[in-house]
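Structure first, then comments.
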Amino acid sequence: MTTGAQSPYPARPRRSRLRTLLPLGVAAWLVLEIWLLTLVAGASSGLVVFLILLAGIVLGSYVIKRAGRRAFRNLTETVQQQQGGGPVPSGARTNSEGNGLTMLGGLLIVLPGLISDALGLLLLVPPVQKAVSRYAERTFERKLREAAAQSPLGDAFTQARMRHPDGKVVQGEVVRDEPGSGSPEGPRPPLTK
């Protein structure tokens, strides 16, 4: 018998498609990797598979180490320039853009398997890095706009990320003077001292 009273428990939100399909995708990827390694072992020998896996670990470790050193060097240079009071040149920023994707490529190479090695090597190619970076940035911006539209804070998320034409991110919001809204007292004092 129903009384028409609502349940005190809120309805569970529906699982996203990614959370549903990700475990199945990982399982299929693992099965495919193992199957390819057994095919290579059957075509040549187990020693060849072992050498491929060992070469992947060595190459991936080298790539990760090199990208990490480059990122740390760029960070050190930026901190030293900021402490010296000088402006940070935009050239230091362009050198460090691909470090995250380079490290991800090295990590994929370290993982045992031929598909992950191929994807890792593909991520080391600069045009592919730029394309993946642009796609990730567009996706992040779209998700940020969607979150801002659904948020009770309104567009505070979008106000926090404003860009200069040279690509630098400036914190703040834009205030436009409306015509005829000038105050009779003159200019206002600054908010901070």
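Read in the numbering used here, the sequence shown has 80 at position 72, and its numbers run on one by one without any break.
Beta carbons: idealized from backbone N, C-alpha and C, even for Gly.
As assigned by DSSP and simplified to three states, the class of residue i
i, result
"P135", "helix"
"G68", "helix"
"R142", "helix"
"L30", "helix"
"S124", "helix"
"G50", "helix"
"R81", "helix"
"A100", "A caution first: A100 carries a pLDDT of 47, below 50, which makes its placement in the model too unreliable to give a value."
"R20", "coil"
"Y86", "It should be pointed out that residue 86 corresponds to Thr in this sequence rather than to Tyr. In this structure, T86 counts as helix in the three-state DSSP scheme."
"L119", "coil"
"L38", "helix"
"L199", "coil"
"G113", "helix"
"G92", "coil"
"G106", "coil"
Residues near residue i by beta carbon distance below 7 Å, same chain, minus five either side
i, result
"A100", "Because A100 carries a pLDDT of 47, less than 50, the predicted location of this residue cannot be relied on, and the following value inherits that uncertainty. Closer than 7 Å at the Cβ level, and outside the excluded window around A100, lie N82, E85 and T86."
"R23", "none"
"P18", "none"
"L61", "P120"
Beta-carbon contacts of residue i that lie in its chain and below 6 Å, excluding the five residues immediately before and after
i, result
"S124", "L116"
"I72", "M111 and G114"
Whole-angstrom C-beta distance between residue j and residue i, which should lie under 8 Å
i, j, result
"L132", "G113", "5 Å"
"L129", "L44", "Their Cβ separation, rounded to whole angstroms, is 15 Å, which puts L129 and L44 out of contact at 8 Å."
Cβ-based neighbour list, residue i, same chain, cut-off 8 Å, excluding 5 preceding and 5 following
i, result
"S69", "G114 and V118"
Short Cβ contact (8 Å threshold) for residue i with residue j
i, j, result
"P120", "G33", "no"
"V39", "V48", "no"
"A144", "M111", "no"
"G106", "P135", "no"
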